[in-house]
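I have placed the structure first, in the form of structure tokens, so that the comments after it can refer back to it.
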Amino acid sequence: KQRANNFSGEISLEQLPEGLEFLYLADNQLNGTICLTELPPALERLDLSENEFAGSLDFSRLPKSMINIYLNMNAFFGTISLGHLPPNLQYLSVCNNKLTGKVRVPPGVSCVLDGNENLTVDDSVAELRFKFQMACMRKTVENYHVYRSRRHQKENCCFWMGVTCQVDIVIGIYWSQSDSVTIKSLAWLPPSLQRATLIVKRIYTHFETQRLPKHLRYANFPVCGLHGPLELRTLPKELA
Numbered sequence: 231k232q233r234a235n236n237f238s239g240e241i242s243l244e245q246l247p248e249g250l251e252f253l254y255l256a257d258n259q260l261n262g263t264i265c266l267t268e269l270p271p272a273l274e275r276l277d278l279s280e281n282e283f284a285g286s287l288d289f290s291r292l293p294k295s296m297i298n299i300y301l302n303m304n305a306f307f308g309t310i311s312l313g314h315l316p317p318n319l320q321y322l323s324v325c326n327n328k329l330t331g332k333v334r335v336p337p338g339v340s341c342v343l344d345g346n347e348n349l350t351v352d353d354s355v356a357e358l359r360f361k362f363q364m365a366c367m368r369k370t371v372e373n374y375h376v377y378r379s380r381r382h383q384k385e386n387c388c389f390w391m392g393v394t395c396q397v398d399i400v401i402g403i404y405w406s407q408s409d410s411v412t413i414k415s416l417a418w419l420p421p422s423l424q425r426a427t428l429i430v431k432r433i434y435t436h437f438e439t440q441r442l443p444k445h446l447r448y449a450n451f452p453v454c455g456l457h458g459p460l461e462l463r464t465l466p467k468e469l470a
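If you want it as structure tokens, here you go:
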């Protein structure tokens, strides 16, 4: 980590150590262009935010292991395509640059794009993702409570008590016995979900591990009445 130093000049991201997993160079005075197509295959997190980088961005050949990318608050320009992002990518921030054109955001990825005055997002894709997420949550719970400050706003499951979102995408659920939430099923949890805790919530349903979200990294379901055969071979690959 070399965050918040006074490094300046240009850097090369090519020929980095193949086993490198994290690279943090945020909040410096680095400049020039960067190449994202020759990153180390093991790289999971890249943070180059708050620098003076410019040039175009090519996301077509990112490492398959990549999880988070922060390129916000630079001077990148031109159009971008998000059609070939790696399967494990969860978060991409390119806000406050000089990007242009129209972009579609793929489902399951939290993309922060604001602050690019001439960049527009295909709302049809975002709206479909929002509707699908709402459908998943309604199939998961029968009743729920909304935070008091949000009760008069547009219906959004991100305003439900116990739900954590990132850029309007559900990433966490924490419901305990004291929460007035009636859970119907675990088969329709949102695909973007990363953490799920259900404590003493009587569900009384078969536990189908193959139906759990593929990006789920933490799950805790004590005293929930789950039953049936337990197939551990189909647990999400990212579960820790």
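Sequential numbering of the sequence shown, starting at 231, is according to my numbering. Heads up, the beta-carbon is just placed ideally off N, CA and C, and yes, glycines get one too. Note that the structure is predicted; figures quoted are calculated from it, not measured.
Local Cβ density within 10 Å of Ser422, reported as buried at 16 or more and exposed below that: Residue 422 sits at position 192 when you count from the first residue of the sequence shown. Per the 10 Å Cβ criterion, buried.
C-beta contact flag for Val411 and Tyr434 at 8 Å: The sequence position of residue 411 within the sequence shown is 181, counting from 1. The sequence position of residue 434 within the sequence shown is 204, counting from 1. Result no, Cβ atoms of Val411 and Tyr434 do not sit closer than 8 Å.
First through last residue of the beta strand (DSSP E) which encompasses Cys395: One-based indexing of the sequence shown puts residue 395 at position 165. Where Cys395 is concerned, the enclosing beta strand (DSSP E) stretches over 393–396.
Same chain, Cβ closer than 7 Å to Met364, neighbours up to 5 away in sequence not counted: For the purposes of this step, residue 364 is identified with residue 134 of the sequence shown, where counting begins at 1. Excluding residues within five positions, the ones whose Cβ falls inside 7 Å are Cys387.
For Gly345, the nearest candidate out of Val333, Leu243, Leu322, Asn327 (CA to CA): Numbered from 1 along the sequence shown, position 115 holds the residue referred to as residue 345. With distances taken between Cα atoms, Gly345 lies closest to Asn327.
Proximity below 8 Å, CB of Asn281 to CB of Gln259: For the purposes of this step, residue 281 is identified with residue 51 of the sequence shown, where counting begins at 1. For the purposes of this step, residue 259 is identified with residue 29 of the sequence shown, where counting begins at 1. Taking 8 Å as the cut-off, the Cβ atoms of Asn281 and Gln259 count as close.
Limits of the unbroken beta strand (DSSP E) element including Ala284: Within the sequence shown, numbered from 1, the residue matching residue 284 stands at position 54. Per DSSP, Ala284 belongs to the beta strand (DSSP E) from 282–285.
Residue from Asn450, Pro443, Gly455 with nearest C-alpha to Thr464: For the purposes of this step, residue 464 is taken as residue 234 along the sequence shown, with counting starting at 1. When only C-alpha atoms are compared, the closest one is Pro443.
Those residues which DSSP pairs with Val371 across a bridge: For this step, residue 371 is matched to residue 141 along the sequence shown. Beta-bridge pairing links Val371 to Ile413.
Closest by C-alpha distance to Leu253, when choosing among Leu269, Arg447, Asp288: Residue mapping note: residue 253 aligns to position 23 of the sequence shown, counting from 1. Comparing Cα-Cα distances from Leu253 to each of Leu269, Arg447, Asp288, the minimum goes to Leu269.
Distance, Leu243 Cα to Asp409 Cα: For the purposes of this step, residue 409 is taken as residue 179 along the sequence shown, with counting starting at 1. For the purposes of this step, residue 243 is taken as residue 13 along the sequence shown, with counting starting at 1. Their backbone Cα atoms lie some 48 Å apart in a straight line.
CB-CB length for Leu419 against Thr370, believed under 8 Å: Position 189 of the sequence shown, counted from the first residue, corresponds to residue 419. Position 140 of the sequence shown, counted from the first residue, corresponds to residue 370. Going by Cβ atoms, the distance from Leu419 to Thr370 rounds to 6 Å, so yes, they are a contact pair.
Exposed unless 16 or more other CB atoms sit within 10 angstroms - verdict on Thr277: Against the sequence shown, residue 277 aligns to sequence position 47. Looking at the sequence provided, one finds Asp at residue 277 rather than Thr. Counting Cβ neighbours within 10 Å, Asp277 comes out buried, since at least 16 surround it.
CA-to-CA distance, Ile297 to Gln424, given in whole angstroms: One-based indexing of the sequence shown puts residue 424 at position 194. One-based indexing of the sequence shown puts residue 297 at position 67. If you draw a straight line from the Cα of Gln424 to the Cα of Ile297, it is about 12 Å long.
Test item: CB-CB of Glu468 and Thr439 under 8 Å: Taking the sequence shown and counting its residues from 1, the one referred to as residue 468 is at position 238. Taking the sequence shown and counting its residues from 1, the one referred to as residue 439 is at position 209. No; because the gap between Cβ atoms is not below 8 Å, this pair is not in contact.
Asn261 - containing beta strand (DSSP E), residue span: As a position in the sequence shown, residue 261 is number 31, starting the count at 1. Element bounds for Asn261: 259–262.
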